[in-house]
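Here's the structure we're looking at; comments come further down.
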Amino acid sequence: FRPGLHLAEPLQTASGAPSSARPGVPSERCTDEKSRRILAALCQDYRGGALGGDLCEDLCEAGQLRYRRCLYYERGKKVLQADWRGRPVVLKSKEEAFSSFPPLGLLDGQPEAGGQDLPEAELLVLAAGEARSALGLEPAEGGLSRLELVRRGPPRRGQLASLWALLQQEEFVLLSLLRGRSPHAPPVLGSCGHFYAVEHLAAGSPGHRALFPLGPDGGRRGQARAVSGVALSFLDMVRHFDHDFAHRLHLCDVKPENFAIRSDFTVVAIDVDMAFFEPKMREILEQNCTRDEDCNFFDCFSKCDLRAHRCGAQRANSNLQVVCDKIFRHWFSSPRGSSAVSSPLRGSCGRQCRSARPPGPKARPACSGGCEACSRLCCGSCGTARSCAPGRGAIRAGTLTVGPRRCSEGPSRPQPSPLE
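Everything in the sequence shown is counted per this note's numbering, starting at 23 for the first residue and increasing by one.
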């Protein structure tokens, strides 16, 4: 490899083999050898001026961003673990090679070192339009000034080409927009070419007894408190994504591997490739159909209008239903998970999880208002009270509180923060 690209020794799985793709996901084998080649090609393009980014110097020259291991390859997406100045991070790109992304036509006719003569306003308008298109938003929507993608100083051709490649990646655009707006999404830390970095958090797994690594074992009671804290944070995340933006944010791929837990039990959505704001969700769902099953898009679905042979644009299930079905059911319905959950949470949420899916092999989740009652766990027995304050003996769990509550009147929720 070229000098300057610092690649640490590969980490291996417990079996001694290189890490591979996530369980149950058909994809190519994830190897350290190939991951090194990908980063070596990235640095070669950086040295040739084809790409840029605020992490390129640390990755390719200074040795401050060091590759550690391959996490997974999935449907073309490459996800690698690295250390950045002593901090564990994850490098992501939905394509292996920089050349896989369509070039920025605005650079046609510009000199090789060029880009300096392009008006900054024109670049910002172009970037904003591309980001809005990726999210399915109208031109007047999307707080796109928050992207902060064009660095200060005269833009270079490689920087602009890299920006364009990043804007082709919906997850990057969404995480950039959510930066500073959501405790449930990891911030983008920087980028090099088509790869962007986010903080590394330990993901959940069906292999974990409680689905997520919850830190040192505090005994049965400590485990129950931890799971209760995570459950409440999931409910807070659902409320947040449903109500705190101008458009509802739909989660269409809910599984433990796509979430992680911070030390304060805050749930973080670490893979949002299948998360869509309402306008994009409607566009995805509204397809031709001959039966209801044709209207399924991962965990999001609508119903088929058999007269028009068209799927409804309105999603028929909710984020809360899917979280109840894919996450809470493990804790509140299975013998394996039941001992790890406090009795009040198990009793209340268990009833909602069981009602989230009618019996039968072809049954689809149906709420009928039942699963929505899961949200009442946030306030225990407060009933219709508008807010709850922590009572004696309560503990913090992310942005919520686990334990006794006292009820008080007040605003039902914060006013939405539109993506203006």
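All C-beta atoms, glycine included, are put in the ideal place defined by N, C-alpha and C. Please read these numbers as outputs of a predicted model, since none were measured by experiment.
Using a threshold of 9 angstroms, state whether the C-beta atoms of residue 223 and residue 207 are closer than that. Their beta carbons are not under 9 angstroms apart, which means residue 223 does not touch residue 207 by this criterion.
In angstroms, rounded to a whole number, what distance separates the CA positions of residue 176 and residue 226? Low local confidence applies: a pLDDT of 47 at residue 176 is under 50, so the model's placement there is unreliable, with the coordinate-based value given in what follows. Put simply, the backbone Cα of residue 176 is about 42 angstroms away from that of residue 226.
Counting pairs of Cβ atoms below 8 angstroms between the region 295-302 and the region 266-282, do you hit three or more? Contact holds between the region 295-302 and the region 266-282, because three or more Cβ pairs, one in each stretch, are under 8 angstroms apart.
With a 10 Å radius around its C-beta and 16 neighbouring C-beta atoms as the bar for buried, classify residue 170 as buried or exposed. The predicted position of residue 170 is uncertain, since its pLDDT is 49 and thus under 50; a value taken from the coordinates is nonetheless stated next. With fewer than 16 other Cβ atoms within 10 Å, it is exposed.
Report all residues from its chain with a CB closer than 8 angstroms to the CB of residue 59; omit the five preceding and five following residues, and keep chain order. Once the five neighbours on either side are set aside, residue 59 has no close Cβ partner at all.
From residue 218 to residue 306, what distance separates their C-alpha atoms? Annotation: residue 218 to residue 306 spans about 26 angstroms, alpha carbon to alpha carbon.
Check whether the region 50-64 touches the region 84-93, taking contact to mean three or more Cβ pairs, one atom from each stretch, closer than 8 angstroms. When C-beta atoms of the region 50-64 are compared with those of the region 84-93, three or more pairs fall below 8 angstroms, so the two segments count as touching.
Are the CB atoms of residue 120 and residue 64 within a distance shorter than 9 angstroms? Closer than 9 angstroms, so yes.
Among 221, 180, 157, 319, which has the Cα closest to the Cα of residue 191? Comparing C-alpha distances from residue 191 to each of 221, 180, 157, 319 shows the shortest one belongs to 157.
Quick one: is residue 336 buried, meaning 16 or more other Cβ sit within 10 Å of its Cβ, or exposed? Answer is exposed; the Cβ neighbour count stays below 16.
Less than 8 angstroms between the CB atoms is what I'm expecting for residue 180 and residue 74, so what's the real figure, rounded? Indeed, because the Cβ distance is near 4 angstroms, the residues count as touching under 8 angstroms.
In terms of DSSP beta bridges, what is residue 212 paired with? 219.
From residue 245 to residue 231, what does the alpha carbon distance come to, in whole angstroms? Rounded to whole angstroms, residue 245 to residue 231 spans 10 angstroms at the Cα level.
Should residue 320 be labelled buried (16 or more other beta-carbon atoms within 10 Å of its own) or exposed? Burial call: exposed.
Please identify the residue among 290, 285, 284, 286 whose C-alpha is closest to the C-alpha of residue 11. Outside the displayed span of the chain (23 to 442) sits residue 11, for which this structure offers no information.
Whole-angstrom distance between residue 274 and residue 327, CA atom to CA atom: One alpha carbon belongs to residue 327, the other to residue 274, and they sit about 21 angstroms apart.
If you measure between the beta carbons of residue 178 and residue 71, is that distance less than 9 angstroms? Yes, they are a contact pair.
Nearest-angstrom Cα distance between residue 43 and residue 102? With a pLDDT of only 45 at residue 43, under the threshold of 50, the placement of this residue in the model should not be trusted; the figure read from the coordinates follows. The alpha-carbon atoms of residue 43 and residue 102 are separated by roughly 11 angstroms.
For residue 118, which of helix, strand or coil comes out of DSSP? DSSP places residue 118 in coil when its eight states are reduced to three.
Are there 16 or more other CB atoms within 10 angstroms of the CB of residue 312, so buried, or fewer, so exposed? Per the 10 Å Cβ criterion, exposed.
I'd like to know whether the C-beta atoms of residue 278 and residue 349 end up nearer to each other than 9 angstroms. The Cβ atoms of residue 278 and residue 349 sit closer than 9 angstroms to each other.
Closest Cα partner of residue 112 within the set 95, 126, 125: Taking only the C-alpha atoms, the option nearest residue 112 is 95.
Helix, strand or coil for residue 201, going by three-state DSSP, please let me know. Of the three classes helix, strand and coil, the one that applies to residue 201 here is coil, per DSSP.
Determine the direct distance from the alpha carbon of residue 310 to that of residue 221, and round the result to whole angstroms. Straight through space, the alpha carbons of residue 310 and residue 221 are spaced by roughly 40 angstroms.
For residue 193, which residues from the same chain have a beta carbon less than 6 angstroms from its beta carbon, with the 5 sequence-adjacent residues on both sides left out? Result list for residue 193: 294, 295, in chain order.
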